[in-house]
Structure formats: C-alpha cells, structure tokens
Amino acid sequence: GAADVEYDMVVLGAGPGGYSAAFRAADLGLKTAIIERYATLGGVCLNVGCIPSKALLHVAAVIEEAEHASVAGVSFAKPSVDVDALRAHKEKVVGKLTGGLAGMAKGRKVDIIRGYGHFLDPNHIEVEETTGTSQDKTGAKKVVKFKQCIIAAGSAAVHLPFIPRDPRIVDSTGALELRFVPGKLLVIGGGIIGLEMATVYSTLGARVDVVEMMDGLMQGPDRDAVKVWEKQNASRFDKIMLKTKTVAVDAKEDGLYVTFEGVDATSGAPTEPVKYDMILQSAGRAPNGKKIGAEKAGVIVTDRGFIPVDAQMRTNVPNIFAIGDVVGQPMLAHKAVHEAHVAAEVAAGHKAAFDATVIPGVAYTHPEVAWVGYTEAQAKAEGKKVETAKFPWAASGRAIANGADYGFTKLIFDAETHRVIGGTIVGPSAGDMIGEVCLAIEMGADAVDIGKTIHPHPTLGETVGMAAEVAHGSCTDVP
Ligand code: FAD
113 GAADVEYDMV VLGAGPGGYS AAFRAADLGL KTAIIERYAT LGGVCLNVGC
163 IPSKALLHVA AVIEEAEHAS VAGVSFAKPS VDVDALRAHK EKVVGKLTGG
213 LAGMAKGRKV DIIRGYGHFL DPNHIEVEET TGTSQDKTGA KKVVKFKQCI
263 IAAGSAAVHL PFIPRDPRIV DSTGALELRF VPGKLLVIGG GIIGLEMATV
313 YSTLGARVDV VEMMDGLMQG PDRDAVKVWE KQNASRFDKI MLKTKTVAVD
363 AKEDGLYVTF EGVDATSGAP TEPVKYDMIL QSAGRAPNGK KIGAEKAGVI
413 VTDRGFIPVD AQMRTNVPNI FAIGDVVGQP MLAHKAVHEA HVAAEVAAGH
463 KAAFDATVIP GVAYTHPEVA WVGYTEAQAK AEGKKVETAK FPWAASGRAI
513 ANGADYGFTK LIFDAETHRV IGGTIVGPSA GDMIGEVCLA IEMGADAVDI
563 GKTIHPHPTL GETVGMAAEV AHGSCTDVP
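Sequential numbering from 113 applies to the sequence shown in full-length UniProt numbering.
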C-alpha cells in the first residue's frame, strides 16, 4: 500500500549508532526519522548498558575508596546501602541522558517513530506502533518510505538454552535493575560485562563466583594486566572457575542448584551441584540482524545474525547501510558512533570511509583495564617483531599517593619503525588514559614523540610518557 510518511533517511534503532547517524544525517540536510521500539532513545548503551553500569560502578568505587582510606588513618562507619535510593539515582542518571537526546532530536527536527520496525522491501519499513511510554504495542501500524536507510538494530544478551526462566536468573539488563542483593551470586561468563556487574554486586555485599569456559578472564588484554587485576580482586570472589562449563541449573525454592563440568581434567570444576541465590548470564551478546525482516529488503544477514558491510558501511543493497553491534565485533558504543558518522556522511554524498586503525577496549572494573591495538600476545601469534616498554606504577609518585602502585602502563612499538602500535594500562582511570595511546597510534607517533611530550606531573597519565622513555632511553639528540 501507499506509505504513510516519507523520508530521505530512516534509521532503524536509536542506540549510540542510530542516534549518532540520524543526527549527522539531519545536520547534513537529509529529512530524517528514527524508528525505535523503546520509549526512550539511547538503545542498550544509555538505558541498560554503558551508562547505568558506570553509575553503579562509581558508587562501588566510592565505597571501596572509603574502606581503603583506613590505610591513611581515616576510617568511616560501615556503609549502609539503600538499594531503592541507589536504583533511583541510576535511573536519574539515565533519564538525564535519554531526555537530553530527545531534546537534541527535536532541535534537529529528527522525527521519532515509536514501534517495532521490519522491512517490507528496499524502500519501505512497516512499524507496529508502541505507546510511546512503554514497549507495549498499540495495534496500529504505519508504513514508512525511505530513500536511504541505516540499520542500527544492535544486539541482545545470549540466553543459554538449558537455563530455566526464574526471577532469580537475570541477564545484564536484569542485573542493572538491582532488584535485590543476593547472598551468593554466580556470574556465568568472565568477560567485561560479567566482571563489571560482579564488581557492583560484591561491593554491595554479595559473595560472587565466576565461571568461564576459556582458560582466563577478559579475553582482550595481555595476561600480565589480567594478573594484576586478579590479585587486586582476589578477596572479591569465593571462586573463579576457569575452563569450566555450566551444564545444568535446577531452580528450587531454597536456591538455584548449578552443575558444572570441566572442559578437561585440569579445570578442578566442582563435582557436586553448588547452590546460589542469583545467577547472572553474561556469556555473550548476539546481533539482532535476523529480527528485522532484512531478507524482504534483500539485505544479506549471516547465520549468526550479523549484517556484512563495506568500508562505507553499505550493505549489499546500495541504499541500505548498517552500523554498530549488528555489523560485528567489537560490540562497543564508540565503534557504533564512529561507523554511524561514516554511514550518514556517505548517504549525504560525502566521501567517507571507516578506516580507524584501532578501537580501544576498557573494563571499567576496579582497577580498570584498558587496551588498544597490538597486545604482546597478538604480536607473538602473528610473528610480528615488536619492542615492549612497561612502566610500573610503583615508580609513579601519583600512583603511590593514590594507593595504586600495583598498576602499570605498557606500550608496544613496531621493532622496525619504532612507531607505537599498541598499549595496555591497568589501574584506576586506565580507560581515560588509553585515549592518548589511541591518538598516538592514529598519528603514527614513535617512542620519542611520546616520551618528549611534556606530561603534567604528578599524574597517572604521565606514566604513558614514562613508558615511552623506557623505550627510547632517557637521552636523544635533537635532530
Ligand atoms: P543498541 O544500543 O543495541 O541499540 C539498538 C536499538 O535498536 C535499541 O534501542 C533497540 O530497541 C532498537 N531496535 C532493534 N530492533 C528494532 C526494531 N525492529 N524496531 C525498532 N527498534 C529496534 N560499550 C562501550 O563502549 N562501553 C561500555 O562501557 C559498555 N558497557 C556495556 C554494559 C552492558 C551491561 C552492556 C549490555 C553493553 C555495554 N556496552 C558498552 C556495549 C554497548 O552498549 C553497545 O556496543 C552499543 O549499545 C551498541 O550500539 P548500537 O547502536 O549498535 O545498538
């Protein structure tokens, strides 16, 4: 049938990818709309991801700092946590940001169409409308016509098939709802999301076990950083079960009984079922590519639900682009935003391409672990000749003053060009500091460029300069 509304650009999904694409498209003169099933803008990241998790992690850090102040002769009473007030605080943080996005959309005259969208053909999406204040459908439908479209449908938590439905079993979204603090929590999956939530719940008083199929926690960074992290977090966990699979969950009234199985004889997996009060499933996220009727538009979707794109973020259908979690790993907000700008600019007739050299990763745990570009492990696996410079924070005045002398800053250089090609930082604020290493890599900086840059003293950030000095020596002649 005929379209109810018509746009130059329609963006499917209002996460960091979607809203960034829509705003850029509108700024470049395209008449733009966003289709979003949630009542608020911001997608996973703002509503149930990056932002609420960081709001809770900040509070956890405050509690831990207060406890650690005793080493400096300052002691506070045991904190009393009002979980309802904490949840309200988190929701206020999220509301400020999603409300801000709504204002920015209005300012740019970007229309928000609320509902579930699915393609009818390469120029039409049908929207089953939602109420605007919830995800409930109103029963009304609307056909939206577009010249160009950007798919930004994101991803969802993977639910293990053998795990029963039970209010005590949650994914990251459920964990962020902070309904209660369990006595004993099992976190399935030792990746970043699982460890961030483990940090929050353990600081609020839960005893936490982590189970991970691989032979280590956090798959991205070098093991020396993870080792530092593990030492600092040793008291947080009852058990970290590596090389162990969760094979069954029996939800009984008095608790959740979990059966484990080692992937080999060395895993030391418990032989008897272990009882928990809550389980967090954080064993990965899957793209939403198969849930949007993409095949009706002729858009190729892989078996796993990813949508292949080229450097212009175009799918196999020329007027349809895709960005963010739905196009592939790493599933990170800053990658989605960068891709969004490329897609919108190409759609508006500009010559843009996704050509980022590196994409940083950060675990916002305590301490933080941040890494970008080459790790030592990756260089070794590829047989690439590199130089490594590691600056231990035990030699940083600021780190010692802050009680963070366990951290380190490590830079990886190409052995031939001496350009920096990677970096790993572990310690408080590592995520804020890794940006300098990202810039250095993008700019093609070498060890002298970084080492001869005057960093402010005394800061944790100056350890980046100090690591570079380790690499090039303390004395270089001016060319
Ligand atoms: P999403 O944010 O997933 O947004 C997709 C949107 O599309 C959603 O709003 C969805 O409702 C909508 N949608 C999908 N299908 C339809 C449809 N058919 N009709 C209408 N609307 C639809 N990343 C970081 O970089 N830093 C972090 O600290 C971080 N922390 C995280 C913590 C948690 C607990 C989680 C779960 C994720 C975290 N991430 C983090 C990952 C980050 O949230 C994602 O990479 C990011 O949200 C991806 O953005 P996106 O635009 O691709 O998709």
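Each residue gets a CB set at the ideal place from its N, CA and C atoms; glycine is no exception.
Bear in mind that the values here come from a model prediction, so they are computed numbers and not experimental data.
Can you find a heavy atom of the ligand FAD that lies under 7 Å from the Cβ of Tyr150? yes
For Asp437 and Ala448, which I take to be in contact (beta-carbon distance under 8 Å), what is that distance rounded to the nearest angstrom? 7 Å
Simplified DSSP assignment, three categories, for Lys257: strand
With a threshold of 6 Å on Cβ separation, who are the neighbours of Ala145 within its own chain once the five nearest residues in sequence on each side are excluded? Tyr119, Val122, Asp223 and Ile225
Which whole-angstrom value is the C-beta distance of Asp389 and Lys296, which I expect to be below 8 Å? 5 Å
Compare the C-alpha of Thr242 against each of Ile147, Gly301 and Val174 and name the closest. Ile147
Report buried or exposed for Glu548, applying the criterion of at least 16 other Cβ atoms within 10 angstroms of its Cβ. buried
Buried or exposed: where does Arg136 fall if 16 or more other Cβ atoms within 10 Å of its Cβ makes it buried? buried
Check: Tyr228 C-beta below 7 Å from any heavy atom of the ligand FAD: yes
Quick one: what does DSSP say residue 629 is sitting in, helix, strand or coil? The chain is shown only over 113 to 591; residue 629 falls outside these bounds and no answer can be derived.
Could you round the C-beta distance between Gly266 and Gly127 to whole angstroms and report it? I think they count as a contact, below 8 Å. 5 Å
Could you say if the region 300–311 and the region 392–402 meet the contact criterion of at least three C-beta pairs nearer than 8 Å? yes
Reference Gln490, options Ala184, Gly185 and Asp334, closest by Cα: Asp334
By the three-class DSSP mapping on this structure, what secondary structure does Leu298 have? strand
Three-state class that DSSP yields for Met545 in the structure shown: helix
Regarding Pro128 and the ligand FAD, is the C-beta to nearest heavy atom distance less than 7 Å? yes
Once the 5 residues before and after Val359 are set aside, which same chain residues still bring their CB inside 8 Å of it? Phe274, Thr371, Phe372 and Glu373
Taking three-plus beta-carbon pairs below 8 Å as touching, is the region 173–183 in contact with the region 456–471? no
Closest to Thr245 by C-alpha separation, out of Ile566, Leu198, Lys408 and Gly211, would be which residue? Gly211
Near Leu272, which residues of its chain fall below 8 Å by C-beta distance, leaving aside the five closest residues on each side in sequence? Ile300, Thr358, Gln393 and Ala395
Considering only DSSP beta bridges, list what Met353 is partnered with. Val323
DSSP-derived helix/strand/coil call for Ser267: strand
Please identify the residue among Ala114, Arg149 and Val411 whose C-alpha is closest to the C-alpha of Gly227. Arg149
Using the beta-carbon count (16 or more within 10 Å), is Thr487 buried or exposed? buried
Can you check the region 165–242 for any beta strand (DSSP E) of at least 3 residues that lies completely inside it and give the ranges in chain order? 223–233 and 236–242
How about Ala583 and Glu499: are their beta carbons less than 8 Å apart? yes
For Val340 and Tyr518, I'd like the C-alpha separation in whole angstroms. 7 Å
Sorted by chain position, which residues of the same chain lie with C-beta nearer than 8 Å to Phe525's C-beta, five sequence neighbours on each side aside? Val498, Glu499, Thr500, Ala501, Arg531, Val532, Ile533, Asp558, Ala559 and Ala583
Measuring alpha carbon to alpha carbon, tell me which of Lys564, Leu368 and Val322 ends up nearest Met353. Val322
For Glu581, which residues does DSSP report across the bridge? According to DSSP, which records beta bridges pairwise, Glu581 is partnered with nothing at all.
Using only alpha-carbon positions, find the residue among Ser508, Ala482 and Ala511 that is nearest to Asp544. Ala482
Give the single residue among Ala133, Leu298 and Gln247 whose Cα lies nearest to the Cα of Asp350. Leu298
Between residue 66 and Arg220, what straight-line distance do the alpha-carbon atoms span, to the nearest angstrom? Look at the range of the chain in this structure, 113 to 591, and you will see that residue 66 is not part of it.
Nearest-angstrom Cα separation, counted from Lys402 out to Glu238: 16 Å
Under a three-way DSSP split, which group does Met121 fall into? strand
Counting pairs of Cβ atoms below 8 Å between the region 243–263 and the region 281–291, do you hit three or more? no
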